[in-house]
Structure formats: C-alpha cells, structure tokens
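According to UniProt numbering, the residues represented by the sequence shown are 1 to 252, in order. Notes follow once the structure below has been shown.
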Amino acid sequence: MSLAVIADIHGNDLALQAVLDDIAAQGIADIVNLGDCFSGPLEPGKVAARLTAMNIPTVRGNHDRYLVEQSPEAMWPSDRIAHGELLPAHLDWIRALPETHVHRGEFYMCHATPQDDNRYWLEEVLEDGSVRRKSLAEIEALAEGIEQPVILFAHSHLPAMLRLSDGRLMVNPGSIGCPGYDDVAPYPHKMEAGHPLASYAIVEKGAGGYGVTFRNVPYDHMAMAALAASYGRPQWASALATGWLGKSGISE
C-alpha cells in the first residue's frame, strides 16, 4: 500500500501538476493533502479548480483559514491575492475542510499541530531568528492522544521524518509550491528548503512496517518566480527561483 502526501501548494499550479504527474508515474492513486492550498502571488484559481475536482482527503491550513475568517482588507498580500481569484464555491470548500482527519484508520492528518494550525511541530524559533529542532519530549507532548501509527503534518515547508519513542512515525512532506518564506512570529525568522523543486512524500506500508520516500520534482519554477516578481513579491520570487530568500536575480 502506497500513499502520496502533499502539502503547502500555496497557489503554485505548475508545481502541483508536476507532482500529480509524478505521483501517477509511480502508480499511486491514494493521495492526501495537508493544507495551505491557495495563498500566494501565483495561480490560486487554477489550483482551486484542480483540487476541488480531485476530491482527495484534505485538512485546512492556517492560510486556508485566513481566507474565510478575515476580510480582504485585513489579509496579508498573499492571502488577498488568493481571495481575489477564488470563487464563492471555492471558499465554501475551504469552510468545509476539517482541522484534522484520520485516513484509512492509520494516518492522522493535520496541517501544523493538532492544537494549533500555526505552530511548528518539530522546530523552535529563538529570539535571534535561528531555528532549531525541539527535544523529543516536546515533540511527543504534542502527539499525546493520537492512536494512529503514522502522523502526517506540514506547515514548516521542510521535509522531515522521525520516529517517536513508541514507534509512531511522523512525516512532513515539505512544500509543493513555496520552498522558502519569512515570518514574524513568534520571532522574525526564515524557512528555506535550499532548492526550488516541488516536494512531496510517499508513505509505503510493507511487511516490516512503514517506509517513507521523499520526492523532489522539477518543473518550470522560473515561470512562477517571474509571476511572483510581477506581483511585486521579491522574496517569493527568490524562493521560487532558488529555494533561498534574497537570491533570485529576477528583474522586477
């Protein structure tokens, strides 16, 4: 049994199509989505049309929530761009998304953590902006009460896998459409994948248990970087072009 895990598309339809083609090439039909589908200066309307037609298990991310809880005037630019392209039916689709979901009785799904859709599960941000891995005890505390053997989560945009002391497997597939960003909470910091490829994960169940393969898929990322630049979003353009912030070299 194989399951493809996608997350953090952020309106990048070219990256999503490349990943879906790669999943199909692996012969995998079972796909789940961990949220943050649309917000970004790219092509959120196309992503919405594609995802709503697919009808795959999806949980709501923090940026999905902003699109239905905030007024456009109060939104950050990436959310405002997405909101302007989404149809009322797309917003209704977001409203219907659960915060958590259990897939096939084995896979627990959430966007960030079960308690907070805007909190890193594995990482801690320090006052100086550096990011470090939390202790195992801190990570396990957030997993209390989850009975499923595999925990799927996202939000940091950084692929990761670890086993808890009781054997449960945790998997972050990384981001399909946004390989780097900066944030101001809880302190100003950057998250950078270091490459511009579209990332997702495959979880396979075999006789010996669960295994994970991380896939990094090429696509026309420079087209998306140029689109972000045309919206006046240089950090987005840099991340899409290189996987790093501040290194795009794209004319704006």
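Idealized CB from N, CA, C, for every residue including glycine.
Problem set entry | Proximity below 8 Å, CB of residue 171 to CB of residue 103 | no
Problem set entry | Cβ shell of residue 23 (< 7 Å), same chain only, five flanking positions each side left out | 4, 31
Exercise. Excluding the five sequence neighbours on either side, which residues of its own chain have a C-beta within less than 7 Å of the C-beta of residue 101, listed in chain order?
Worked result: 57, 59, 109
For this session: Hey, could you find the ends of the alpha helix (DSSP H) residue 222 is sitting in?
Result: 221-230
Exercise. For the alpha helix (DSSP H) that contains residue 274, what are its first and last residues?
Worked result: Absent from the structure is residue 274, since the part of the chain shown begins at 1 and ends at 252.
For this session: Could you give the DSSP three-state label for residue 119: helix, strand or coil?
Result: coil
Problem set entry | Where the beta strand (DSSP E) through residue 202 begins and ends | 198-206
Exercise. Which word fits residue 257, buried or exposed, when buried means at least 16 other C-beta atoms lie within 10 angstroms of its C-beta?
Worked result: This structure leaves residue 257 out entirely; the chain is present only between 1 and 252.
For this session: For residue 46, collect the residues of the same chain with a Cβ closer than 6 Å to its Cβ; drop the 5 residues on either side in sequence, then sort them by chain order.
Result: 13
Exercise. When burial is assigned at 16 or more other CB atoms within 10 Å of the CB, is residue 210 buried or exposed?
Worked result: buried
For this session: Could you check which residue in 151, 86, 206, 178 has the C-alpha nearest to that of residue 216?
Result: 178
For this session: Could you check if residue 199 is buried or exposed, using at least 16 other CB atoms within 10 Å of its CB as the buried criterion?
Result: buried
Problem set entry | Buried versus exposed call for residue 78 [16 or more other C-beta atoms within 10 Å across all chains shown] | buried
Exercise. With 16 other CB atoms within 10 Å as the buried threshold, where does residue 242 fall?
Worked result: buried
For this session: Specify, as a first and last residue, the run of the alpha helix (DSSP H) that residue 62 falls within.
Result: 62-69
Exercise. Within the chosen definition, does the region 220-229 reach the region 147-167 through at least 3 CB pairs nearer than 8 Å?
Worked result: no
For this session: Look at residue 131 and residue 138 and say whether their C-beta atoms are less than 8 Å apart.
Result: no
Exercise. Where does residue 23 fall in DSSP's three states?
Worked result: helix
For this session: Return yes when the C-beta of residue 189 is under 7 Å from any heavy atom of the ligand NAD, and no when it is not.
Result: What this structure holds is no ligand at all, so the ligand NAD is not there to describe.
For this session: Using a threshold of 8 Å, state whether the C-beta atoms of residue 7 and residue 34 are closer than that.
Result: yes
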